[in-house]
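Single-structure report; data block below.
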Amino acid sequence: MSENVVILGAGSGIAKALCQRMAARGCSLALCGRDTTELERDAADLRTRHGVKVSVLDFDALHFETHDDLWNRCLAQFDGHIDGAVLCFGTLPDQKGCEVDQSQLRTAIDVNLTAAASILNPIAAHLESNKSGWLAVVSSVAGDRGRQSNYIYGAAKAGLTAYLAGLRNRLQPSGVHVLTVKPGFVATPMTAGILDPKSPMVASPERVAQDIDRAIEKRRNVIYTPWFWKWIMVIIRNIPEPIFKRLKL
Ligand SMILES: NC(=O)c1ccc[n+]([C@@H]2O[C@H](COP(=O)([O-])OP(=O)(O)OC[C@H]3O[C@@H](n4cnc5c(N)ncnc54)[C@H](OP(=O)(O)O)[C@@H]3O)[C@@H](O)[C@H]2O)c1
0 MSENVVILGA GSGIAKALCQ RMAARGCSLA LCGRDTTELE RDAADLRTRH
50 GVKVSVLDFD ALHFETHDDL WNRCLAQFDG HIDGAVLCFG TLPDQKGCEV
100 DQSQLRTAID VNLTAAASIL NPIAAHLESN KSGWLAVVSS VAGDRGRQSN
150 YIYGAAKAGL TAYLAGLRNR LQPSGVHVLT VKPGFVATPM TAGILDPKSP
200 MVASPERVAQ DIDRAIEKRR NVIYTPWFWK WIMVIIRNIP EPIFKRLKL
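With numbering that gives the first Met the number 0, the residue at position 25 of the sequence shown is 24, and numbering never jumps.
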């Protein structure tokens, strides 16, 4: 199905793979991100390969005061008609750094949670008043349970997951669909040097993008990607707290 789609954080590894899939099925795209030079290169590639309309918009998630205007600029790109938006931006902070540096802590929570809620505000209002459309937002399995090695990131993603559950509940009567995406380990710039991309536990961005694209089409509510993370997280969530607090995770 060809649609008009806004991609927030379009430079992300997962977003790039998703853009290729969406453009291949004829979607027109608005790529929003900080590195507009790289996004212009991506846009040219998508236009050449797939013959679709692609625009590039400068977007810094931490510039909260620009969020309403960004959405208006996106609407202008599509003559007022947008079918859906994908939110892919995020940051994986240094946990130890966040424990001692208020600025790192604040940025981690602001990018992963506050900025997401802020930019989703005008988008949700627009889709709700139109009584159609969809949102797909990338959260993380890290939000399912806090672990000592990454609980700041996990807390922000847990907040995002809860926010999305509430937003889905709010938008249901207006027919606007909200998809929460919980990836496990994915080989992207975010995890370069941390994860072994050849490990069977580490998915390619293309695999994750395929799951997201299918979930958007099937109007799924929450997905784990790849699928087996659902069962890993069932186990993690069910470890009793007296045991869990003693584990080095
Ligand atoms: N990779 C994994 O294992 C994994 C697992 C679970 C969830 N996730 C989530 O998946 C999403 C996509 O991440 P990825 O794996 O594709 O990593 P990535 O390639 O590092 O992408 C992260 C993107 O976020 C953007 N970003 C960061 N701060 C921003 C800001 N202030 N304003 C605008 N954009 C900003 C970055 O933009 P710049 O290019 O300008 O820096 C980058 O394009 C993130 O939400 C991440 O938390 C990833």
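Ideal Cβ placement from N, Cα and C applies to all residues, glycine included.
Owing to the predicted nature of the structure, the values given are computational and were not obtained by experimental measurement.
Residue of 204, 229 and 173 minimising C-alpha distance to residue 181: The sequence position of residue 181 within the sequence shown is 182, counting from 1. Checked all of 204, 229 and 173; the closest Cα to residue 181 is 229.
Beta-carbon gap between residue 151 and residue 193 smaller than 8 Å: Stepping through the sequence shown from its first residue, residue 151 is reached at position 152. Stepping through the sequence shown from its first residue, residue 193 is reached at position 194. Cβ atoms of residue 151 and residue 193: not closer than 8 Å.
Simplified DSSP state of residue 229, which is helix, strand or coil: Counting from 1 along the sequence shown, the entry for residue 229 is found at position 230. Helix.
Whether residue 119 touches residue 166 by CB criterion (8 Å): Here the question's residue 119 lines up with position 120 in the sequence shown. Here the question's residue 166 lines up with position 167 in the sequence shown. Going by C-beta atoms, residue 119 is nearer than 8 Å to residue 166.
Terminal residues of the beta strand (DSSP E) in which residue 261 lies: In the structure as shown, the chain begins at 0 and stops at 248. Residue 261 is therefore absent and cannot be evaluated.
Best match in 91, 35, 50 and 16 for proximity to residue 149 [C-alpha to C-alpha]: Stepping through the sequence shown from its first residue, residue 149 is reached at position 150. Nearest of 91, 35, 50 and 16 to residue 149, Cα basis: 91.
Rounded straight-line distance, which links the Cα of residue 52 to that of residue 76: Taking the first residue of the sequence shown as position 1, residue 76 is located at position 77. Taking the first residue of the sequence shown as position 1, residue 52 is located at position 53. Cα-Cα distance, rounded: 10 Å.
Closest Cα partner of residue 73 within the set 64, 63 and 84: Locating residue 73 in the sequence shown gives position 74, counting from the first residue. Each of 64, 63 and 84 was checked against the Cα of residue 73, and the nearest Cα belongs to 84.
Runs of beta strand (DSSP E) wholly within the stretch 118 to 184 (minimum 3 residues, chain order): 133 to 137 and 176 to 182
Distance between residue 198 and residue 11 (C-alpha atoms, nearest Å): Taking the sequence shown and counting its residues from 1, one reaches residue 11 at position 12. Taking the sequence shown and counting its residues from 1, one reaches residue 198 at position 199. The alpha-carbon atoms of residue 11 and residue 198 are separated by roughly 21 Å.
Contact set for residue 45: own chain, Cβ-Cβ below 8 Å, skip 5 residues either direction: Position 46 of the sequence shown, counting from 1, holds the residue named residue 45. These residues qualify, in order along the chain: 18, 19, 22, 28, 51 and 53.
Rounded separation between residue 5 and residue 81 - CA only: Looking up residue 5 in the sequence shown gives position 6. Looking up residue 81 in the sequence shown gives position 82. C-alpha separation (whole angstroms): 8 Å.
Nearest-angstrom Cα separation, counted from residue 35 out to residue 134: Taking the first residue of the sequence shown as 1, we reach residue 134 at position 135. Taking the first residue of the sequence shown as 1, we reach residue 35 at position 36. Residue 134 and residue 35 have their C-alpha atoms some 23 Å from each other.
Ligand 1 site residues, beta-carbon cut 6 Å against heavy atoms: 8, 10, 11, 12, 13, 32, 33, 34, 58, 59, 60, 61, 87, 88, 89, 90, 110, 137, 139, 182, 184, 185, 187, 188, 189 and 190
Cβ pair residue 201, residue 185 closer than 8 Å: Stepping through the sequence shown from its first residue, residue 201 is reached at position 202. Stepping through the sequence shown from its first residue, residue 185 is reached at position 186. Closer than 8 Å, so yes.
Which listed residue (31, 32 and 170) has its alpha carbon closest to that of residue 129: Here residue 129 is taken as the residue at index 130 of the sequence shown, counted from 1. The residue with the shortest Cα to Cα distance from residue 129 is 170.
Among 9, 244, 106 and 238, the one whose alpha carbon lies nearest that of residue 41: Translated into the one-based positions of the sequence shown, residue 41 becomes position 42. Minimum Cα distance to residue 41 is reached at 9.
Residue 60 vs residue 88 beta-carbon contact at 8 Å: Counting from one through the sequence shown, the residue named residue 60 turns up at place 61. Counting from one through the sequence shown, the residue named residue 88 turns up at place 89. Result yes, Cβ atoms of residue 60 and residue 88 sit closer than 8 Å.
Test item: CB-CB of residue 7 and residue 31 under 8 Å: For the purposes of this step, residue 7 is taken as the residue at position 8 of the sequence shown. For the purposes of this step, residue 31 is taken as the residue at position 32 of the sequence shown. For residue 7 and residue 31, yes; Cβs fall inside 8 Å.
Between the CA atoms of residue 241 and residue 292 - distance to the nearest angstrom: The structure shown has nothing for residue 292, since the chain only spans 0 to 248.
Distance, residue 210 Cα to residue 163 Cα: Indexing the sequence shown from 1 puts residue 163 at position 164. Indexing the sequence shown from 1 puts residue 210 at position 211. About 18 Å.
Those residues which DSSP pairs with residue 84 across a bridge: As a working mapping, residue 84 is identified with position 85 in the sequence shown. Residue 84 pairs with 5 and 134.
Enclosing beta strand (DSSP E) for residue 107 [first to last residue]: To locate residue 107, count along the sequence shown from 1; it is residue 108. Not the beta strand (DSSP E): residue 107 falls in the alpha helix (DSSP H), residues 101 to 108.
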